[in-house]
Structures are given as structure tokens and as C-alpha cells.
Amino acid sequence: MKKQLTLLLLTFLASLILGCGDDSSFSPGGGISSSNIISKVKFTIASDNLNPEFIKVTYLPGTPPTTIDTIDSFTVGGALVISAFGADRFGAKTSGNNITFVSNYGSIESSCTLDIDGSCSSTLTSLGDLPPISTASIAGTTTEIIAANIVIYTLGEESFFDANGNGFFDDGDIFNTATDDTDEPYLDNNNNNTFDAGTDEPIDIDGNGAYTPADGLYSGSNCQHSSLCSPSPSIIIWDDVQIDLITAGGG
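Every number in the working numbering is 15 more than the matching position in the sequence shown, counting from 1.
Below you can see the structure in the form of C-alpha cells.
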């Protein structure tokens, strides 16, 4: 009986050890990704300061003042930390992915590599240059602002809602072209979240010399849909942030 109990105990312990092994078929949120493919909806940019006041302006008198009259001074050498965060579609952190940074203002370190925590950072330095004047709604009033636009991009995949929970994009799953589909990245110079030819600057990833809109197809892994699979299982995904650069000195 003692030998049988010992054998049963050893068998139980062995099963526990085997059960702690890596299950590469699924990565629950919060862990380390097994696929290491960043999902579009899990790729995010952030700045340590969204209003660094690098440019001082005077507004024309008004109630409230809405039109910039003069550019009074610039800060040269001011620094912002711009961070990128990535995870796969299950929310598991990715690492080793190369992230590219582009800015329409100042200078910025061009790339960083996601660490084991699924994040990395770059430094933006102000140089005294002036991005285009754009407008924003402030307290319900359209007001002129001067804002930097910073883009991050990397190779990843688009997202979808897995309605049947089988891990594949197939018929019956939901691909929302408004939120899941991905266009080519661009610098949004007028900060209106829409590409405007002649105003915004496309980041020409595909080399065709123009901005490429989203194609309405799912670009990603595990695609079995009868009509919505892109020929490419991956795509450049991106995110951007607007940083208000001004402080008002009059008006």
C-alpha cells in the first residue's frame, strides 16, 4: 500500500510539473505573448506631457480669444518622453518589436524596441520650429492652436471580434472597417483625424508615392473568412498623439 501511495504521489507531482509548461496555443491577457504579433487595438502611443508650452503666443482680443496674433518666443532644447506600448490580441505583452517614430515638430529618436514589459520610449526635442496652425474645440469654441503630431508604427495585424470564440477570423465574426481596418500612417498636420491631401503628410510605407487608404479586408493571422481575407497576413499598424505646444501671453 505504501508503494502504491508513493507512486500515486509521484504521478500527481509529475502532472503538476507538466501542467506548468508553456501553452503556446493561447496567451491569456497580462502574460507574455507567444505569437509576438501586435494587434492594432493594443498598440498605443503616450506622451509624458500633452501641453509642454514650448511656444508662447499672443491671441487677438476676444471673448474668448480664438485667433493667434503673434508668435512671441520658442523653447529650444525642451524634451518630451514619447512611449509606445504593444500587446497581442489577447492582451499579452509583446517584446523585441521595432517601433518607428515620426514627428512634424522638433527632432525625435527614430526608433526603439519593445522590452519585456511591452513598452519602449523615445525622446522628442524642441528645436524652435513651427508646426502648422490648426484649430481645436476649446470649451465649445473653435480656437487656433499650434500642436505637434507624432506617429508610431510597426508591423502587426488588424483586429476583429471573434464571435464564435474559435481563435480564427471566419464567417460570422465581425470586422468593423471604421475601427479595425488600417490605412497608411500619416502626419495629421491639421489635427482633424482625417487624411487631407495637400495638408497632411503620408508616410509612404508601400512606396507608391501617395497615401493608401484602408482596403476593407482583414490583414492578420488565422484568417479563414470566405471573402474578407487580405492576401497579406500582416500590415503596418500605427497610432498618433497630438501635443499642444503653446502658452498664451496675451489676448
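Note that beta-carbon positions come from the ideal geometry of N, C-alpha and C, so glycine has one too.
Smallest Cα separation from S174: which of S49, L232, I220? Numbered from 1 along the sequence shown, position 159 holds the residue referred to as residue 174. Out of S49, L232, I220, L232 has the C-alpha closest to the C-alpha of S174.
N113 - partner residues in DSSP beta bridges: The residue labelled residue 113 in the question sits at position 98 within the sequence shown. BP columns for N113 point to T128.
So the beta strand (DSSP E) D84 belongs to, where does it begin and stop? Start at 1 with the first residue of the sequence shown, and residue 84 comes out as number 69. It spans 83-89 - the beta strand (DSSP E) in which D84 sits, taken as one unbroken run.
Could you give the residue range of the beta strand (DSSP E) that holds D255? Sequence index remark: in the sequence shown, residue 255 carries index 240 (1-based). Element bounds for D255: 250-259.
For D144, is the classification buried or exposed, using 16 other Cβ atoms within 10 angstroms of its Cβ as the cut-off for buried? To locate residue 144, count along the sequence shown from 1; it is residue 129. Exposed: under 16 other Cβ atoms inside 10 Å.
Indicate whether L95 and N51 have their beta-carbon atoms separated by less than 8 Å. Indexing the sequence shown from 1 puts residue 95 at position 80. Indexing the sequence shown from 1 puts residue 51 at position 36. For L95 and N51, no; Cβs fall outside 8 Å.
Evaluate contact between the region 193-211 and the region 158-178, counting only Cβ atoms and requiring at least three cross-stretch pairs below 8 Å. Contact annotation: the region 193-211 touches the region 158-178, with at least three C-beta pairs closer than 8 Å.
List the residues that DSSP assigns as beta-bridge partners of T73. The sequence position of residue 73 within the sequence shown is 58, counting from 1. Beta-bridge partners of T73 (DSSP): T85.
May I have the straight-line CA-CA distance separating L75 from C135, to the nearest angstrom? Residue numbering aside, residue 75 sits at position 60 when the sequence shown is read from its first letter. Residue numbering aside, residue 135 sits at position 120 when the sequence shown is read from its first letter. The C-alpha of L75 lies about 41 Å from the C-alpha of C135.
Hey, quick one: how far does the beta strand (DSSP E) through L142 stretch, first residue to last? One-based indexing of the sequence shown puts residue 142 at position 127. Where L142 is concerned, the enclosing beta strand (DSSP E) stretches over 134-142.
Please name the residue or residues paired with L262 in a DSSP beta bridge. The residue you call residue 262 lines up with position 247 of the sequence shown. It should be pointed out that residue 262 corresponds to Thr in this sequence rather than to Leu. When DSSP reads this structure, T262 sits in a beta bridge with K71.
Beta-carbon separation (whole angstroms), S236 vs E172, contact threshold 8 Å: The count along the sequence shown starts at 1 and reaches residue 236 at position 221. The count along the sequence shown starts at 1 and reaches residue 172 at position 157. Indeed they touch by this definition, with Cβ atoms about 6 Å apart.
Relative to the C-alpha of S54, which candidate in S249, T78, I258 has its C-alpha closest? Residue mapping note: residue 54 aligns to position 39 of the sequence shown, counting from 1. Comparing Cα-Cα distances from S54 to each of S249, T78, I258, the minimum goes to S249.
In terms of DSSP beta bridges, what is L170 paired with? Residue 170 sits at position 155 when you count from the first residue of the sequence shown. For L170, which the question treats as bridged, DSSP gives the partners I251.
With C-beta atoms as the reference, is G46 less than 8 Å away from A107? Locating residue 46 in the sequence shown gives position 31, where the first residue counts as 1. Locating residue 107 in the sequence shown gives position 92, where the first residue counts as 1. Yes. Within cutoff.
Cα-Cα separation, C238 to I123: Locating residue 238 in the sequence shown gives position 223, counting from the first residue. Locating residue 123 in the sequence shown gives position 108, counting from the first residue. Distance between the alpha carbons of C238 and I123: 36 Å.
Might you give, ordered along the chain, the residues of its own chain that have their beta carbon closer than 7 Å to the beta carbon of D255, omitting 5 neighbours on each side? Reading the sequence shown from its first residue, position 240 is the one you call residue 255. For D255, where only same-chain residues beyond five positions count, the Cβ hits under 7 Å are I60, N164, I165, V166, D203.
Start and end of the beta strand (DSSP E) containing I153? On the sequence shown, residue 153 is found 138 positions in, with the first residue counted as 1. Per DSSP, I153 belongs to the beta strand (DSSP E) from 148-153.
To the nearest whole angstrom, what separates the beta carbons of G111 and K57, a pair I think is in contact under 8 Å? Walking along the sequence shown from the start, residue 111 turns up at place 96. Walking along the sequence shown from the start, residue 57 turns up at place 42. G111 to K57, Cβ: 16 Å. No contact.
When burial is assigned at 16 or more other CB atoms within 10 Å of the CB, is F176 buried or exposed? Start at 1 with the first residue of the sequence shown, and residue 176 comes out as number 161. Exposed is the call here.
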